[in-house]
Amino acid sequence: MNCGFDIMVSLHLHKRVILSIFGTIILLMFLTMIFQNDKAQNPDQSSAQIKNSQNNPRFNNLLNSELYSLSKKWFKENCLSKYEENNMKFEFIDDYIDSFKSSRNKNCITVFTIFDSMFELDISYGEIRIDEKFLDKVKIWLNNNPDYVKQAYKQKIIKIYNKFHNDEMIYNPLRGKRPQAKQIVSEKNHSLKIIEESKSSCDFCEQNYKINTANEIFDRLETPLSYSAANTFKYDKWHSLIVSRNHDPLNLKEEEIIDMYSLSWEWFKKVSSIDPSAKFPELIWDAMPKSGASQIHTHLQVSMDDKNYYGIMRRWLEASERYFGAFKRDFLDDFILIHKALGLAYELNNCYVIFSLIPLKDNEVMIIGDNDPKSYLTISKLTYQVIRSNL
169 MNCGFDIMVS LHLHKRVILS IFGTIILLMF LTMIFQNDKA QNPDQSSAQI KNSQNNPRFN
229 NLLNSELYSL SKKWFKENCL SKYEENNMKF EFIDDYIDSF KSSRNKNCIT VFTIFDSMFE
289 LDISYGEIRI DEKFLDKVKI WLNNNPDYVK QAYKQKIIKI YNKFHNDEMI YNPLRGKRPQ
349 AKQIVSEKNH SLKIIEESKS SCDFCEQNYK INTANEIFDR LETPLSYSAA NTFKYDKWHS
409 LIVSRNHDPL NLKEEEIIDM YSLSWEWFKK VSSIDPSAKF PELIWDAMPK SGASQIHTHL
469 QVSMDDKNYY GIMRRWLEAS ERYFGAFKRD FLDDFILIHK ALGLAYELNN CYVIFSLIPL
529 KDNEVMIIGD NDPKSYLTIS KLTYQVIRSN L
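With this note's numbering applied, the sequence shown covers 169 to 559.
This is the structure we're talking about:
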């Protein structure tokens, strides 16, 4: 495992929040939150009203009120009934999509229509010849599994492209069966050593931060578990740190993560009250040297911009705008619906936990919830669970 991790959050104080976490055995995570912006839809028009828009002829037959209330279980029983739930694999995604398309149920057909409007699915096969001598090594790589060896000669390539987000996932099931390099040195032990050695000279520990960190133009925000400090070398007009009083980023308690996120929210509100033009908050969490952190001590980076989100979050906002412009429909509502219908979304505490069709990194998990304290608390708790499960 790699004991460095990145978390990135973008906040816009409107209607909805997205959280994306991608974690692998090397513990790399990405967290994003975005609220549907009023540039993408009329703020006086509710989400339900947007769902019911019939301006585009392609969606004239949508059964909106029923469709969005259907459960993951309903879609499995009515659209994917011929597949065993515990044996469904992503490599057969084309078969599952075809089941929606060929169904006699109007709701299943509607899901296909929405999927086809948002995504482009492409299946191709890459063929190779394998010399007999090399075949022995390939068999070892594939654990002498005859099905895998057969697939090696003609490999299925899956491409899923989001037409509005302009992101794409390319997947070859066999690539996950390849041998992985073995770690000679325990990265966890190495990381624990770095953490311990950095304590004696840490600028953020104990009372050192009062001397060794800068302030924004307003007073520090502090709680018993965390505090704020201006970033000495800014990358935006408003850019600060939210620092945990726990030095060790790999040994955080749940309440410490909740507190950092809560204090970051207070920082965003404070900046907004001083500078109303700052409407695009973002939060980045980088920990340990491999993630690019200059300080070992647990800290978040918070910033606010007056023009737009940075990179990835900007693409999410623009995707929502383009989708609404094309279909007068809510991008995130349809994004959730597609994943729920495919069994890739679960409801948890007012949030949807989604295993994205277009992950940015291995094992990405996305959370989409409402802009309310309950959703925010769920995000904090899930961040803690992801960190702990990968240690």
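Note that beta-carbon positions come from the ideal geometry of N, C-alpha and C, so glycine has one too. Computed from a predicted structure; not experimentally measured.
Once DSSP output is grouped into helix, strand and coil, what is the label at residue i?
| i | result |
| --- | --- |
| residue 341 | helix |
| residue 390 | strand |
| residue 323 | strand |
| residue 300 | helix |
| residue 403 | coil |
| residue 398 | strand |
| residue 382 | strand |
| residue 374 | coil |
| residue 252 | coil |
| residue 556 | helix |
| residue 416 | coil |
| residue 544 | helix |
| residue 562 | Any question about residue 562 goes unanswered here, given that the chain covers just 169 to 559. |
Taking 8 angstroms as the cut-off, decide whether the C-beta atoms of residue i and residue j are in contact.
| i | j | result |
| --- | --- | --- |
| residue 167 | residue 258 | Since the displayed the chain opens at 169 and closes at 559, residue 167 lies outside it and no answer follows. |
| residue 412 | residue 420 | yes |
| residue 370 | residue 467 | no |
| residue 548 | residue 395 | no |
| residue 526 | residue 513 | no |
| residue 519 | residue 506 | no |
| residue 500 | residue 546 | no |
| residue 451 | residue 470 | yes |
| residue 336 | residue 328 | yes |
| residue 491 | residue 482 | no |
| residue 502 | residue 282 | yes |
| residue 393 | residue 345 | no |
| residue 289 | residue 263 | no |
| residue 388 | residue 397 | yes |
| residue 240 | residue 508 | yes |
| residue 287 | residue 334 | no |
| residue 379 | residue 416 | no |
Per DSSP, residue i is paired with what?
| i | result |
| --- | --- |
| residue 469 | 409, 452 |
| residue 519 | 516, 537 |
| residue 336 | 329 |
In terms of residues, what are the limits of the beta strand (DSSP E) holding residue i?
| i | result |
| --- | --- |
| residue 290 | 287 to 295 |
Locate the alpha helix (DSSP H) running through residue i, then write down its first and last residues.
| i | result |
| --- | --- |
| residue 431 | 422 to 442 |
| residue 494 | 479 to 495 |
| residue 446 | No alpha helix (DSSP H) contains residue 446, which DSSP labels as neither H nor E. |
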